[in-house]
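Q: Offset between the sequence shown (1-based) and the working numbering: plus 9.
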Amino acid sequence: MAKISQKSKGILYIMAAAFGFAMMSLFVKLAGDLPAFQKAFFRNFVALIFIFIMMLREKVGFIPPKEHIPDLLGRSFFGTMGLLCNFYALGRLNLSDANMLNKLSPFFAIIFSIFLLKEKPKFAQIIGVAVAFVGSLFIIKPGFDNPQVLPAVAGLLGGMGAGIAYTFVRRLGQKQENSRRIVFFFSAFSCILCLPFLIFEYERMSGLQLIYLILAGTFACIGQLGITKAYICAPAREISVYDYTQVIFAAVLGFFVFGDIPDWLSVLGYILIIGAGVAMFFYNKKRTD
Numbered sequence: 010m011a012k013i014s015q016k017s018k019g020i021l022y023i024m025a026a027a028f029g030f031a032m033m034s035l036f037v038k039l040a041g042d043l044p045a046f047q048k049a050f051f052r053n054f055v056a057l058i059f060i061f062i063m064m065l066r067e068k069v070g071f072i073p074p075k076e077h078i079p080d081l082l083g084r085s086f087f088g089t090m091g092l093l094c095n096f097y098a099l100g101r102l103n104l105s106d107a108n109m110l111n112k113l114s115p116f117f118a119i120i121f122s123i124f125l126l127k128e129k130p131k132f133a134q135i136i137g138v139a140v141a142f143v144g145s146l147f148i149i150k151p152g153f154d155n156p157q158v159l160p161a162v163a164g165l166l167g168g169m170g171a172g173i174a175y176t177f178v179r180r181l182g183q184k185q186e187n188s189r190r191i192v193f194f195f196s197a198f199s200c201i202l203c204l205p206f207l208i209f210e211y212e213r214m215s216g217l218q219l220i221y222l223i224l225a226g227t228f229a230c231i232g233q234l235g236i237t238k239a240y241i242c243a244p245a246r247e248i249s250v251y252d253y254t255q256v257i258f259a260a261v262l263g264f265f266v267f268g269d270i271p272d273w274l275s276v277l278g279y280i281l282i283i284g285a286g287v288a289m290f291f292y293n294k295k296r297t298d
């Protein structure tokens with residue numbers, strides 16, 4: 010039997026992660042019109058349990074170095090804000106639209122890397138960001154008569170929050186911070202931040218809604234672990250483009266579960282954003298090879 014290469018393993022892991030996050034989105038949407046804080050709390054509480062057990066098994070310390078705490082707080086705050094915006098959008102948009110807007114995060118990461126990492130973007134990266142944001146306008150369809158503008162803008166802000174959070178993760182990676190502890194800190198921070206809102210604005214859930222949120226948390230863990238394993242097996246320049254399969258998974262799930270069919274403007278937006286992402290992938294690969 011032929012041995013699977015590390016790159017092939019990385020591709021499989023990142024596609025498994027994409028499927029995990031698409032399933033998470035599906036179950037968050039199936040949970041219905043619950044407050045975003047409530048959905049985020051249960052999603053992250055499940056993740057917190059999983060990562061807590063993993064850290065105990067691997068004997069990873071729970072207390073980070075003092076100098077890492079500001080970046081951990083930045084990653085956790087913006088990650089939580091991004092998650093809340095994404096969950097708000099998921100409740101009101103097509104599954105594929107919400108997932109596509111969230112996939113703007115790498116382009117936001119390029120912008121915020123200027124301020125947080127002091128990186129100067131290349132001309133090709135600036136063009137890629139511009140094309141991606143033009144694509145987002147086709148999905149958002151700005152206009153006073155469009156009731157989906159607000160959730161679409163929330164989806165865009167979700168991508169921005171995730172992009173800032175990923176930039177903080179890169180800073181933590183440069184400081185050799187443990188990846189498990191980054192996930193643990195984020196999950197714990199998010200639960201603590203959401204808890205007061207959960208107490209005062211809690212809405213009673215059916216048993217089925219609770220199961221959906223537990224499944225959302227479980228698939229989020231699969232996604233998080235898949236991403237981690239993928240980038241252990243292969244560098245981002247070789248596999249990151251396969252992360253866009255999440256949009257394909259979300260579109261298929263949205264069609265079969267909710268009967269969602271994106272309009273032609275949204276599809277054009279997908280093409281522009283994914284096209285910009287693929288172009289950036291090959292540009293970065295050429296620079297590093």
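Every residue, glycine too, gets a C-beta built ideally from N, C-alpha and C. Owing to the predicted nature of the structure, the values given are computational and were not obtained by experimental measurement.
Counting C-beta neighbours from all protein chains within 10 Å, is the total for residue 134 16 or more, i.e. buried, or is it exposed?
A: buried
Q: What would DSSP say about residue 72, mapped onto helix, strand or coil?
A: coil
Q: Grab the span of the alpha helix (DSSP H) containing residue 57 for me, first residue to last.
A: Start and end: 45 to 67.
Q: Measure the alpha-carbon distance for residue 87 versus residue 173 and round it to whole angstroms.
A: 6 Å
Q: With a CB to CB cut of under 8 Å and the five nearest residues on each side skipped, what residues in its chain are close to residue 141?
A: These residues qualify, in order along the chain: 113, 116, 281, 282, 285, 286.
Q: What number of angstroms, rounded off, separates the C-alpha of residue 89 from the C-alpha of residue 82?
A: 10 Å
Q: Residue 131 by DSSP, collapsed to three states: which one?
A: coil
Q: Based on Cα-Cα distance, which residue from 259, 126, 138 lies nearest to residue 318?
A: An answer regarding residue 318 cannot be provided, because it is not within the stretch 10 to 298 covered by the chain.
Q: For residue 267 and residue 38, I'd like the C-alpha separation in whole angstroms.
A: 10 Å
Q: Inspect the CB distances between the stretch 196 to 207 and the stretch 39 to 54 and report whether three or more fall short of 8 Å.
A: yes
Q: Would you kindly work out how many angstroms separate the C-alpha atoms of residue 191 and residue 150, rounded to a whole number?
A: 36 Å
Q: Would you mind stating whether residue 263 and residue 144 have Cβ atoms separated by less than 7 Å?
A: no
Q: Under 7 Å, do residue 188 and residue 254 count as touching if we go by C-beta distance?
A: no
Q: What do you reckon, are the CB atoms on residue 80 and residue 179 nearer than 7 Å?
A: no
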